[in-house]
Amino acid sequence: MEVETLTRLPGKSLMKFLCVSKTWSSLIRSQRFVASYYAAKPSRFVVAFTNSACSDPKRLFILSGEEEATSSLVANLDMTIPSVTLPHGAYKYFSVHGFIACFELSNFIICNPSTGQVVTFYCKAPGTSLGYDPVDDQFKALTQVTSNYDHNPRGVVSRTQLTSPPYYRVTRGRCINGFMYYGAYAPWESRTPVFVCFDVRNERILSFITTPQEVLVWQAFTSLIEYKGKPAVVVPICLGEGGSAFDRFNLWILEDVTRHEWSKQTFELSLSLPFTLGMGQRMISQGTNKAGEIIFSPTNLQHRAQPFYVFYFNTDTKSTRRVRIHGAADTEEFWSRYGLTGICCVSFSPQHNDSIAFL
Numbered sequence: 001m002e003v004e005t006l007t008r009l010p011g012k013s014l015m016k017f018l019c020v021s022k023t024w025s026s027l028i029r030s031q032r033f034v035a036s037y038y039a040a041k042p043s044r045f046v047v048a049f050t051n052s053a054c055s056d057p058k059r060l061f062i063l064s065g066e067e068e069a070t071s072s073l074v075a076n077l078d079m080t081i082p083s084v085t086l087p088h089g090a091y092k093y094f095s096v097h098g099f100i101a102c103f104e105l106s107n108f109i110i111c112n113p114s115t116g117q118v119v120t121f122y123c124k125a126p127g128t129s130l131g132y133d134p135v136d137d138q139f140k141a142l143t144q145v146t147s148n149y150d151h152n153p154r155g156v157v158s159r160t161q162l163t164s165p166p167y168y169r170v171t172r173g174r175c176i177n178g179f180m181y182y183g184a185y186a187p188w189e190s191r192t193p194v195f196v197c198f199d200v201r202n203e204r205i206l207s208f209i210t211t212p213q214e215v216l217v218w219q220a221f222t223s224l225i226e227y228k229g230k231p232a233v234v235v236p237i238c239l240g241e242g243g244s245a246f247d248r249f250n251l252w253i254l255e256d257v258t259r260h261e262w263s264k265q266t267f268e269l270s271l272s273l274p275f276t277l278g279m280g281q282r283m284i285s286q287g288t289n290k291a292g293e294i295i296f297s298p299t300n301l302q303h304r305a306q307p308f309y310v311f312y313f314n315t316d317t318k319s320t321r322r323v324r325i326h327g328a329a330d331t332e333e334f335w336s337r338y339g340l341t342g343i344c345c346v347s348f349s350p351q352h353n354d355s356i357a358f359l
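Counted from 1, the sequence shown has number 253 at position 253 by UniProt numbering; the numbering is strictly sequential.
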């Protein structure tokens, strides 16, 4: 009964109980309780954003809230991390088994919104990603040995340096069921598109998955998501040549990793969404909710105190709904209090699970 009661409490409340006694601390830190707490908590959405890269002070904001089938949701500020800004681009961070990881300049930052823990690693390579091994319950960082900006052969490292055939990585990695997936060209000279499948537990590249050319058409802006337990890619179909919006998208699903089999579905949206490159406004998908709806969210906050909207697309009913996220820098008071200016980089994760684990 005591354990069941504790699993209902917020993570930050449990952190205060660590100081009550050694018995309480031992219970809360035990692997069994950490696993029970993780399993008992429903998934939440997370919004993370930073001030403009050219502004001061720099700060990473992490907010979260409970998802409901309504036209508006409320995000509450969980934590802020000073001196951190995120680059402009498609993906800013990923939620991995209760932790959030992002890359900033030469630092790889991992934080836990439930406990407030922040761990920073010095890392030169911008392609660093966080993976999780569910068998041994271990987190591992996967990074490139050489920079994305030269065309030398490259390998990957976690705790030990590994070697692999030469390839050129073009997307961020996403960990799904203990395997890290990311887009690449192998070899670089032929620009043959592949998806690399990396086994996090055994720390080795499992395969180079043959990939249709149009799956990596946007390269760094490729929306790699988990769709019904499988790796999938959302590819916008832009309006006209050089169009800045899309009203259709292709959903490519990796049906069989061993046989390199992909399926393709094309969906039409009931409204057009922006998709401009560079520092302009752009909508991308970073995943689905528990109901399987594909969610599109903006990569930037372009103006002061503007409503923050995300869009949910139901692949069964082919319907789109717009949801406003209240509390995500949508008031003048919020901007003034934290000194926000310019274009703020923002990222949205639809399924984040609370964890009280420590790295």
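Every residue, glycine too, gets a C-beta built ideally from N, C-alpha and C.
Since the structure is predicted, the reported quantities are computational estimates derived from the model, not experimental observations.
Option in the options with minimal Cα separation from residue i
i: residue 362; options: D247, L273, L254; result: Nothing in the structure corresponds to residue 362, since the chain is present only between 1 and 359.
i: Y309; options: D316, T315, F296; result: F296
i: D136; options: R29, E268, T7, G178; result: G178
i: F61; options: S83, K41, S285, P10; result: S83
i: Y181; options: Y122, S190, D199; result: D199
i: F208; options: D78, F334, S164; result: S164
i: L130; options: F267, P113, F108; result: F108
i: E293; options: Q281, T317, R248; result: T317
i: A291; options: L301, Y312, P274; result: Y312
i: R282; options: L269, Q302, K264, F267; result: Q302
i: V196; options: W252, V346, R172, F246; result: R172
i: T299; options: Y338, G339, I343; result: I343
i: residue 364; options: G327, A232, Q144, P113; result: As displayed, the chain neither begins before 1 nor continues past 359, which places residue 364 out of reach and without an answer.
i: H97; options: C123, W335, Q213, P113; result: P113
i: residue 421; options: Y167, R201, R174; result: Nothing about residue 421 can be reported from this structure: the residues present for the chain run from 1 to 359 only.
i: N289; options: A357, E226, N202, G183; result: E226
i: F103; options: T115, C123, Q117; result: C123
i: S285; options: T331, F221, Q265; result: F221
i: E268; options: G116, C238, A48; result: C238
Cα-Cα separation, residue i to residue j
i: D256; j: L18; result: 45 Å
i: F249; j: L27; result: 48 Å
i: K16; j: L224; result: 38 Å
i: K12; j: L77; result: 13 Å
i: residue 364; j: G339; result: No answer is possible for residue 364: it lies beyond the span of the chain, which begins at 1 and ends at 359.
i: Q351; j: L142; result: 22 Å
i: V323; j: L162; result: 44 Å
i: V20; j: G327; result: 33 Å
i: V119; j: Q138; result: 15 Å
i: T5; j: Y37; result: 10 Å
i: P10; j: C345; result: 28 Å
i: E66; j: S43; result: 8 Å
i: S349; j: G287; result: 7 Å
i: D133; j: E332; result: 42 Å
i: D330; j: Q306; result: 5 Å
i: N202; j: F334; result: 45 Å
i: H260; j: T210; result: 6 Å
i: S218; j: R191; result: As written in the sequence, residue 218 is Trp, which differs from the Ser given in the question. The straight-line gap from Cα to Cα measures roughly 14 Å.
i: Q117; j: R337; result: 24 Å
i: S106; j: T266; result: 39 Å
i: A357; j: C111; result: 11 Å
i: V170; j: M79; result: 31 Å
i: A245; j: I325; result: 22 Å
i: A39; j: P212; result: 37 Å
i: N353; j: R29; result: 18 Å
i: A48; j: P187; result: 35 Å
Cβ-based burial, residue i [other Cβ within 10 Å; buried from 16]
i: Q31; result: exposed
i: L359; result: exposed
i: G229; result: exposed
i: K41; result: buried
i: A101; result: buried
i: S25; result: exposed
i: S95; result: buried
i: A35; result: exposed
i: L271; result: exposed
i: S347; result: buried
i: N152; result: Interpretation of N152 is limited by its pLDDT of 42, a score under 50 that renders its predicted location unreliable; no figure is taken from the coordinates.
i: N51; result: buried
i: T128; result: buried
i: P236; result: buried
i: R174; result: buried
i: Y149; result: Confidence at Y149 is low in this model, with a pLDDT of 41, below 50, so the placement of that residue should be treated as unreliable; the coordinate-derived value is given next. Y149 is exposed by the Cβ-count criterion.
i: residue 362; result: Residue 362 cannot be examined here, being either before or after the span of the chain that is shown, 1 to 359.
i: L14; result: buried
i: L8; result: Before going further, note that residue 8 is Arg rather than Leu in the sequence given. It counts as exposed.
i: T23; result: exposed
i: T115; result: buried
i: T258; result: exposed
i: A69; result: exposed
Supposed contact pair residue j and residue i - C-beta distance, whole angstroms, cut 8 Å
i: F45; j: S71; result: Going by Cβ atoms, the distance from F45 to S71 rounds to 15 Å, so no, they are not a contact pair.
i: F99; j: S355; result: 7 Å
i: F33; j: V3; result: 6 Å
i: V215; j: P193; result: 6 Å
Cβ-heavy atom distance, residue i to the ligand COA, below 7 Å
i: L105; result: Although the ligand COA was asked about, the structure shown includes no ligands whatsoever.
Residue-chain proximity (residue i, chain C), Cβ-Cβ < 8 Å
i: V217; result: Annotation note: the requested chain C is absent from the structure, which comprises a single protein chain.
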